[in-house]
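Novice: Let me give you the structure first, and then I'll get to my questions.
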Amino acid sequence: MFGAGDTIDLQADARQDSNKPNLELIVLGGQPIGDEVAWYGPFVMNTHAEPAQVFDDFKAGRMGKLPADRI
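Sequential numbering from 285 applies to the sequence shown in the numbering used here.
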């Protein structure tokens with residue numbers, strides 16, 4: 285999508301939550317894999333059924349939990 289010398293300009297939304305004033309951003313790059321992309325909330329997968337299933341698993345508590353000292 286982008287080549288040598290291309291740039292991306294980003295800024296936080298003016299209505300950003302004042303409790304979290306910093307902008308956090310992850311930019312990933314790589315070769316296109318040519319697969320379909322389906323998403324539901326924060327979950328991104330390859331078919332429309334997959335994100336719906338993982339969201340149901342998340343709501344049901346089947347995604348595991350981090351210990352409080354790791355958050």
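The C-beta atom is built at its ideal place from N, Cα and C for all residues, glycine as well.
Per DSSP, what kind of secondary structure is Phe327 in: helix, strand or coil?
Specialist: Phe327 falls in the strand class under three-state DSSP.
Novice: Hey, out of Ala344, Gly348, Leu312 and Val338, whose CA is closest to Pro326's CA?
Specialist: For Pro326, the nearest C-alpha among the options comes from Val338.
Novice: Take the Cβ of Pro335 as the centre, count every other Cβ of all protein chains shown within 10 Å, and call the residue buried at 16 or more, exposed below.
Specialist: Pro335 is buried by the Cβ-count criterion.
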